[in-house]
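Notes follow once the structure below has been shown.
Laid out in structure tokens, this is it:
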């Protein structure tokens with residue numbers, strides 16, 4: 173399922189953003205906006221828009237109890253922000269880490285719902 177793969181990809185991007193943030197701070201680096209930041213942010217933006225559409229379609233179909241459109245939208249907004257912020261050492265560490273943690277939690281929760289849903293579908297098919 174494309175949504176599972178995309179959600180897993182975004183979770184790894186959360187970790188990469190955190191690693192990049194600490195790397196930039198540790199080595200006191202300044203990125204080139206047009207060569208490094210913008211291309212990466214554009215790639216993530218495209219993936220997030222696809223993920224957002226698929227996640228909302230899935231949510232409408234399966235109506236999970238603890239996943240709402242507002243959470244999906246917040247993941248997109250926060251991840252777009254912290255992806256860019258991860259390149260800059262001036263970013264507030266506490267705020268950055270809280271944003272990454274929040275997005276990671278929502279993505280992990282959705283991934284768990286998706287995997288449990290696939291297990292239930294497999295189980296029902298085996299019963300027939």
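In this note's numbering, the protein residues as written are 173 to 300. Where a beta carbon is used, it is the ideal one built from N, C-alpha and C, also for glycine.
Might you give, ordered along the chain, the residues of its own chain that have their beta carbon closer than 6 Å to the beta carbon of residue i, omitting 5 neighbours on each side?
i: residue 285; result: 236
i: residue 226; result: 175
Please report the distance separating the alpha-carbon of residue i from that of residue j.
i: residue 183; j: residue 276; result: 6 Å
i: residue 210; j: residue 204; result: 9 Å
i: residue 243; j: residue 269; result: 18 Å
i: residue 274; j: residue 179; result: 14 Å
i: residue 199; j: residue 278; result: 31 Å
i: residue 187; j: residue 282; result: 17 Å
i: residue 248; j: residue 221; result: 8 Å
i: residue 257; j: residue 265; result: 10 Å
i: residue 223; j: residue 260; result: 26 Å
i: residue 207; j: residue 267; result: 26 Å
Run through DSSP, which three-state label would residue i get?
i: residue 263; result: coil
i: residue 238; result: coil
i: residue 233; result: helix
i: residue 180; result: helix
i: residue 280; result: helix
i: residue 258; result: coil
i: residue 289; result: helix
Among the residues of its own chain, which have a CB less than 8 Å from the CB of residue i, if the five just before and after it don't count?
i: residue 287; result: 176
i: residue 231; result: 239, 240, 241 and 244
For residue i, collect the residues of the same chain with a Cβ closer than 7 Å to its Cβ; drop the 5 residues on either side in sequence, then sort them by chain order.
i: residue 217; result: 252
i: residue 228; result: 241 and 244
i: residue 272; result: 186, 189, 190 and 254
So, under 8 Å CB-CB, residue i and residue j are touching, yes? Tell me the CB distance rounded to an integer number of Å.
i: residue 263; j: residue 193; result: 7 Å
Ordered list of alpha helix (DSSP H) runs contained in the region 190 to 228, each at least 4 residues: none
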